[in-house]
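So the sequence shown is numbered by the numbering used here: it starts at 222 and just counts up by one.
The block underneath contains the structure these notes are about, expressed in structure tokens.
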Amino acid sequence: AAERVLARWRGPRHRLDDSLCLELPAVPMAGLVARLPSGKSQQRVRAKLRKLDRLGVQRHVVPPDGVDAALARLLELHRLQWAGRRVTPEHLRPRFRAHLAGAVGPMVRAGDAVVTEFRLDGEVVAVDVTLMSPQVAGGYLYGAHPRLRELRADVAVMLLDACTTHTKDGAHATLSLLRGDEPYKHHWRPEPVVNGRLLLARRRTAPL
């Protein structure tokens, strides 16, 4: 829609490159593993998936009436996950908690987001929010208990595996790793896509 507005805009307009996103095809996990560059790297990921199974990590999609409680657990796990390290300060503030609850609940009810809980020995050890649009699905925010790291469970593989289950109906073309150029994302051989800012002005305000 924004691109169509830009194309029809009669006043001054400008496009600026913004942050980088990394994207994968929305295929089952086996398809993502097959994209890895070597048989050895494929074997490593399969071994990590088997380990998650051996540990007994179970996941379930949170129903709409459980979203608020799940988001509270997510933020607490997020705090534990980043304890002693640099964390985005906004994620620890009450206003972000209120924003998350106010936005994600309606999105889940509308089918625009999925909240997933991961349990180990009956305890919630991770919570993930995945955003869903007509063509793109992508993990937005998660919290994971340090216990998973202590058990050498690969959280990134766990989350990506869960995300692929939301796109298995074939309705989505893209599985987005969202904003950020972190090295672990490149392991999956994603396609870089640059976000853009569209600046539109009326002629009398153009100098501003």
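By construction, the Cβ of each residue, glycine as well, lies at the ideal position given by its N, Cα and C atoms.
Would DSSP call residue i helix, strand or coil?
| i | result |
| --- | --- |
| Asp-342 | coil |
| Leu-429 | The predicted position of Leu-429 is uncertain, since its pLDDT is 49 and thus under 50; a value taken from the coordinates is nonetheless stated next. Here Leu-429 sits in coil by DSSP. |
| Gly-359 | strand |
| Thr-386 | helix |
| Arg-410 | coil |
| Asp-349 | strand |
| Asp-375 | coil |
| Glu-244 | strand |
| Val-415 | strand |
Assign residue i to buried or exposed, taking buried as 16 or more other Cβ atoms, counted over all protein chains shown, within 10 Å of its Cβ.
| i | result |
| --- | --- |
| Ala-251 | exposed |
| His-366 | buried |
| Asp-349 | buried |
| Gly-360 | buried |
| Pro-411 | buried |
| Leu-253 | buried |
| Ser-354 | exposed |
| Ser-259 | exposed |
| Gly-323 | exposed |
| Lys-261 | exposed |
| Lys-389 | exposed |
| Asp-238 | exposed |
| Tyr-405 | exposed |
Am I right that residue i and residue j are in contact with their C-beta atoms under 8 Å? What's the rounded C-beta distance?
| i | j | result |
| --- | --- | --- |
| Val-226 | Pro-285 | About 33 Å; that fails the 8 Å criterion. |
| Leu-341 | Gly-277 | 6 Å |
| Val-376 | Leu-369 | 6 Å |
Tell me the DSSP bridge mates of residue i?
| i | result |
| --- | --- |
| Val-235 | The sequence as given places His at residue 235; Val does not occur at that position. Answer is Leu-420, bridged to His-235. |
| Thr-337 | Val-282, Asp-349 |
| Gly-364 | Val-348 |
Got a sec, what are the start and stop residues for the beta strand (DSSP E) residue i sits in?
| i | result |
| --- | --- |
| Arg-280 | 279-282 |
| Leu-396 | 395-400 |
At which residues does the alpha helix (DSSP H) containing residue i begin and terminate?
| i | result |
| --- | --- |
| Arg-275 | 260-276 |
| Leu-298 | 288-302 |
| His-320 | 315-331 |
| Arg-307 | Premise fails: Arg-307 is in no alpha helix (DSSP H) and is neither H nor E. |
| Glu-224 | 223-229 |
| Leu-253 | 250-255 |
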